[in-house]
Amino acid sequence: MITSLAFSILFLILGVAFWWILDTRQRRLLPPGPRGLPIVGSLLNLGSLPHRTFHELSNKYGPIMSLRMGSVPAIVVSSPEAAQLFLKTHDSVFAVRPQMEAVTHMSYGNNGISFTNGTYWRLVRKFVVQELLAPAKVNSFRGMRREEVGLVVEEIKKAAAAGEVVNVSANLGDLIENMTFRFLLGRSKDDRFDLKGIMTEAFTLAGQFNLADFVPSLKPLDIQGLTRRYKETSKKLDAMLELIIDEHEQNLNNGNNRDIVDEMISLSRNNSSVNHQELAKLIDKASIKSIMVDIITASIDTSFTSIEWILTELMRHPSAMKKCQEELTSVVGLDRMVEETDLPKLEYLYMVVKEGLRLHPIVPLLGPHESKEDIVIKGYHIPKKSRIIVNAWAIGRDSKVWGDKALEFIPERFAESKIDLRGRDFELLPFGSGRRGCPGMQLGLLSVELVLAHLLHCFDWELPAGKSAKDLDMTEQFGLTIPRIEQLLLVPKIRT
Ligand code: HEM
Numbered sequence: 170m171i172t173s174l175a176f177s178i179l180f181l182i183l184g185v186a187f188w189w190i191l192d193t194r195q196r197r198l199l200p201p202g203p204r205g206l207p208i209v210g211s212l213l214n215l216g217s218l219p220h221r222t223f224h225e226l227s228n229k230y231g232p233i234m235s236l237r238m239g240s241v242p243a244i245v246v247s248s249p250e251a252a253q254l255f256l257k258t259h260d261s262v263f264a265v266r267p268q269m270e271a272v273t274h275m276s277y278g279n280n281g282i283s284f285t286n287g288t289y290w291r292l293v294r295k296f297v298v299q300e301l302l303a304p305a306k307v308n309s310f311r312g313m314r315r316e317e318v319g320l321v322v323e324e325i326k327k328a329a330a331a332g333e334v335v336n337v338s339a340n341l342g343d344l345i346e347n348m349t350f351r352f353l354l355g356r357s358k359d360d361r362f363d364l365k366g367i368m369t370e371a372f373t374l375a376g377q378f379n380l381a382d383f384v385p386s387l388k389p390l391d392i393q394g395l396t397r398r399y400k401e402t403s404k405k406l407d408a409m410l411e412l413i414i415d416e417h418e419q420n421l422n423n424g425n426n427r428d429i430v431d432e433m434i435s436l437s438r439n440n441s442s443v444n445h446q447e448l449a450k451l452i453d454k455a456s457i458k459s460i461m462v463d464i465i466t467a468s469i470d471t472s473f474t475s476i477e478w479i480l481t482e483l484m485r486h487p488s489a490m491k492k493c494q495e496e497l498t499s500v501v502g503l504d505r506m507v508e509e510t511d512l513p514k515l516e517y518l519y520m521v522v523k524e525g526l527r528l529h530p531i532v533p534l535l536g537p538h539e540s541k542e543d544i545v546i547k548g549y550h551i552p553k554k555s556r557i558i559v560n561a562w563a564i565g566r567d568s569k570v571w572g573d574k575a576l577e578f579i580p581e582r583f584a585e586s587k588i589d590l591r592g593r594d595f596e597l598l599p600f601g602s603g604r605r606g607c608p609g610m611q612l613g614l615l616s617v618e619l620v621l622a623h624l625l626h627c628f629d630w631e632l633p634a635g636k637s638a639k640d641l642d643m644t645e646q647f648g649l650t651i652p653r654i655e656q657l658l659l660v661p662k663i664r665t
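Per the working numbering, residue 170 is the first one in the sequence shown, and the count goes up by one each step.
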């Protein structure tokens, strides 16, 4: 008995020593970083807000840091120069998405755009950029957006007349969802099913950290119960998407105002633009469903959460709010509603948007990237299949770039700075950059600016009685995006 115990202890000691030596040899060539534990690596130390933990660690280990997440080697990138190396100089090596279980179940695996790779992804992305999200397509839905924003403004006006508190977060969420569903499916509401509810369920699940993605040996055990829940949700989602596609197939719109599902079905029937013949041969019902899920997932929470954070910052900075309103009064006047054509003239509003997204990049670690081959960067070995994490949140707060007031909300800093947010400048990356950068940026920015402009043009905003700006909780909640933990409740007053 004693002998076998002694042997077990000896084996354990030898095992740990062997792991230590191997780990030390492997780590010699990698960028610096914390060592982590056997099997789980640094997974258990990431905390509930990993972008903040990575930021603290990178202050210690540097802008290119390595750590292990389970069995997956990870590289965390935290400065503009480093981001440029990964997203521009060597973009072709890192424009790969890792496989994740949530995607396999809920977004039809390798059929959409956000999590596919290789030639199929290139074809889908080209189609999405050139057709589905092309400026002409986005502009053709201008009337729909005017109508949807107008409805919300009318609702808020009623609340203002009654002196009520408005749940701005809920209103914004509904508005962006309605605009997205009308663009995608041609309708916002359908009493037969609850697509919004199911999508929220899917977002919440996909935003949860799945241990099995990092320790694959745990996959069959499903210890978090996530696989079961992915399957249940995907079944409900699939039934709805089937119905939507069937209905579109039966009444295909060949006219001017075709929604995104019409466009995809047309392509799959091979009678769309000659530019996408190759994709037309590959696209099927599963691809259409997958692209639908990807567009819904990528567009609703991002746009709505951006507006929510920016409006919250404006509540904390009344002088910036006043400047936006003065600009709106001078450019638009108070006799008509804001139009999309006014937006390019609202320069201060654009600075506010940039500053808001600098401090609150809604996808703080961008999408996950993976290295498709071994590569040496800045003398460090980056192994094939490393997870690349670009900490856009940390980059936006880097005092070397943004000065000693980096953590303050000062839109005026963009009056002198040429830094823009469209992916050309690596100091500000709310939409990412390079091959995997956001293809919906134009639509996303348009929605954010349009909705903000209306809210500030039509209303003055106050906090509910007894609350002051310093009561606004700025705590974030980590998931697919980082919304504020609290809903934004405000009292509107009609501007006259
Ligand atoms: C304010 C709004 C938005 C923000 C802040 C945003 C941000 C981002 C970010 C950070 C990424 C990942 C980039 C990377 O991994 O390097 C991304 C990817 C993506 N976004 Fe957006 N996005 C927004 C709106 C939209 C909209 C409206 C759509 C579509 C209608 C969209 C579609 C996508 C897609 C499909 C991808 C994946 C692209 C790929 O992997 O090839 N986004 N977005």
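We put the CB at the ideal spot given by N, CA and C, even for glycine.
Less than 7 Å separating the beta-carbons of Ile367 and Lys326? On the sequence shown, position 198 is the one that residue 367 refers to. On the sequence shown, position 157 is the one that residue 326 refers to. No, they are not a contact pair.
Where Ile557 falls: helix, strand or coil (DSSP): Stepping through the sequence shown from its first residue, residue 557 is reached at position 388. Three-state DSSP puts Ile557 in a strand.
*Taking all protein chains shown into account, do 16 or more other C-beta atoms lie within 10 angstroms of the C-beta of Val297, making it buried, or fewer, making it exposed?*
Taking the first residue of the sequence shown as position 1, residue 297 is located at position 128. By the 10 Å Cβ count, Val297 comes out buried.
Proximity to Ser475 [Cα-Cα], best of Leu395, Val337, Lys450, Ala375 = Locating residue 475 in the sequence shown gives position 306, where the first residue counts as 1. Per the C-alpha coordinates, the member of Leu395, Val337, Lys450, Ala375 positioned closest to Ser475 is Val337.
**Report entry** beta strand (DSSP E) runs contained entirely in the segment 479-508, provided each spans 3 or more residues
**Finding:** The segment 479-508 contains no whole beta strand (DSSP E) run of 3 or more residues.
Relative to the C-alpha of Ala561, which candidate in Pro200, Ala175, Phe223 has its C-alpha closest?
In the sequence shown, residue 561 corresponds to position 392, counting from 1. Checked all of Pro200, Ala175, Phe223; the closest Cα to Ala561 is Phe223.
Worksheet item: Can you tell me where the beta strand (DSSP E) with His550 in it begins and where it stops?
Response: Position 381 of the sequence shown holds residue 550. Run containing His550: 549-551, per the beta strand (DSSP E) assignment.
Return the Cβ separation of Leu632 and Leu659 in integer angstroms, given the expectation that the two are a contact with Cβ distance under 8 Å.
Along the sequence shown, one-based indexing puts residue 632 at 463. Along the sequence shown, one-based indexing puts residue 659 at 490. The Cβ separation is near 7 Å, so the contact holds.
task = Determine the extent of the alpha helix (DSSP H) in which Phe223 is found, giving its start and end residues.
result = Here residue 223 refers to the residue found at position 54 of the sequence shown. Run containing Phe223: 219-230, per the alpha helix (DSSP H) assignment.
On the DSSP letters alone, give me the boundaries of the beta strand (DSSP E) that Ile244 sits inside. Position 75 of the sequence shown, counted from the start, is the residue given in the question as residue 244. Residues 241-246.
- Query: beta strand (DSSP E) containing Ser235: first to last residue?
  - Reply: The count along the sequence shown starts at 1 and reaches residue 235 at position 66. First-last of the beta strand (DSSP E) with Ser235: 233-238.
Exercise. How about Leu344 and Val321: are their beta carbons less than 7 Å apart?
Worked result: Stepping through the sequence shown from its first residue, residue 344 is reached at position 175. Stepping through the sequence shown from its first residue, residue 321 is reached at position 152. It is a contact, given that the beta carbons lie within the stated cut-off.
How would you write the range of the beta strand (DSSP E) that Glu631 sits in, first residue to last? The residue given as residue 631 occupies position 462 in the sequence shown. First-last of the beta strand (DSSP E) with Glu631: 628-631.
- Item | Ile663 - DSSP class collapsed to helix/strand/coil | Here the question's residue 663 lines up with position 494 in the sequence shown. In this structure, Ile663 counts as strand in the three-state DSSP scheme.
* Would you say the beta carbon of Leu528 comes nearer than 6 Å to a heavy atom of the ligand HEM? -> Walking along the sequence shown from the start, residue 528 turns up at place 359. No.
Buried versus exposed, by CB contacts within 10 Å (16 or more), Thr644:
Taking the sequence shown and counting its residues from 1, the one referred to as residue 644 is at position 475. So Thr644 ends up on the exposed side.
**Message:** By the DSSP assignment, the alpha helix (DSSP H) with Val545 in it spans what residues?
**Reply:** For the purposes of this step, residue 545 is taken as residue 376 along the sequence shown, with counting starting at 1. From DSSP, Val545 is part of no alpha helix (DSSP H) but of the beta strand (DSSP E) over 544-546.
query = CB Val241 to CB Arg556, shorter than 7 Å?
reply = Taking the sequence shown and counting its residues from 1, the one referred to as residue 241 is at position 72. Taking the sequence shown and counting its residues from 1, the one referred to as residue 556 is at position 387. Yes. Within cutoff.
Along the alpha helix (DSSP H) that carries Ala446, what are the first and last residues, could you check?
-> Counting from one through the sequence shown, the residue named residue 446 turns up at place 277. Reading off the sequence shown, one finds Gln at residue 446, where the question assumed Ala. 446-451 is the span of the alpha helix (DSSP H), which, as asked, contains Gln446.
- Mind checking whether the beta-carbon of Leu480 lies closer than 6 Å to any heavy atom of the ligand HEM? As a working note, residue 480 is residue 311 in the sequence shown. Relative to the ligand HEM, the beta carbon of Leu480 is positioned no closer than 6 Å to any heavy atom.
- Task: To the nearest angstrom, report how far apart Phe263 and Lys257 are at their CA atoms.
- Result: Residue mapping note: residue 263 aligns to position 94 of the sequence shown, counting from 1. Residue mapping note: residue 257 aligns to position 88 of the sequence shown, counting from 1. Whole-angstrom Cα-Cα distance: 9 Å.
**OP:** Give the DSSP-derived three-state secondary structure of Val265 in the structure shown.
**Re:** Start at 1 with the first residue of the sequence shown, and residue 265 comes out as number 96. Strand.
**Request:** Tell me the start and end of each unbroken alpha helix (DSSP H) in the segment 314-368 that is at least 4 residues and wholly inside, in chain order.
**Result:** Those alpha helix (DSSP H) runs which fall completely within the segment 314-368 and span 4+ residues are 337-354.
Any non-hydrogen atom of the ligand HEM closer than 6 Å to Ala467 Cβ: As a working mapping, residue 467 is identified with position 298 in the sequence shown. Ala467: yes, Cβ under 6 Å from the ligand HEM.
Item checked: Coil, strand or helix - Gly613 by DSSP -> Numbered from its first residue, the sequence shown carries residue 613 at position 444. Shown here, Gly613 sits in a helix according to DSSP, grouped into three states.
**OP:** Run the proximity test for Ile282: is its beta-carbon closer than 6 Å to any non-hydrogen atom belonging to the ligand HEM?
**Re:** Reading the sequence shown from its first residue, position 113 is the one you call residue 282. Between the ligand HEM and the CB of Ile282, the shortest heavy atom gap is smaller than 6 Å.
Practice task
Run the proximity test for Ser475: is its beta-carbon closer than 6 Å to any non-hydrogen atom belonging to the ligand HEM?
Solution key: Your numbering for residue 475 matches position 306 in the sequence shown. Correct: Ser475 has its Cβ closer than 6 Å to the ligand HEM.
Opposing strand residues paired with Leu301 [DSSP bridges]: Indexing the sequence shown from 1 puts residue 301 at position 132. Its beta-bridge partners do not exist; DSSP assigns none.
Does any C-beta atom of chain B lie closer than 7 Å to the C-beta of Gln419?
Of the chains in the structure shown, none is chain B; there is only one protein chain.
**Study point:** CB contact flag (Tyr399, Met275, <7 Å)
**Key:** Locating residue 399 in the sequence shown gives position 230, where the first residue counts as 1. Locating residue 275 in the sequence shown gives position 106, where the first residue counts as 1. Using a Cβ distance threshold of 7 Å, Tyr399 and Met275 count as a contacting pair.
If you draw a straight line from the C-alpha of Gly613 to the C-alpha of Ile469, how long is it? Within the sequence shown, residue 613 is the residue found at index 444, counting from 1. Within the sequence shown, residue 469 is the residue found at index 300, counting from 1. Rounded to the nearest angstrom, the two C-alpha atoms are 9 Å apart.
| said: Measuring CB atoms only, is the segment 419-439 touching the segment 357-364, in the sense that at least three cross pairs come out at less than 8 Å? | reply: Flag = no, the segment 419-439 and the segment 357-364 do not touch.
Skipping 5 residues on each side, what residues in its chain have a beta carbon closer than 6 Å to that of Glu324? Here residue 324 refers to the residue found at position 155 of the sequence shown. Result list for Glu324: empty, nothing under 6 Å.
Buried or exposed for Glu316, going by 16 or more other Cβ atoms inside 10 Å? For the purposes of this step, residue 316 is taken as the residue at position 147 of the sequence shown. Classification for Glu316: exposed.
Coarse secondary structure for His538, derived from DSSP in three states | Counting from one through the sequence shown, the residue named residue 538 turns up at place 369. The answer is strand: DSSP assigns His538 an E or B state.
Can you determine whether any heavy atom of the ligand NAP sits closer than 6 Å to the C-beta of Leu534, and answer yes or no?
Looking at this structure, you won't find the ligand NAP anywhere; what it does contain is the ligand HEM.
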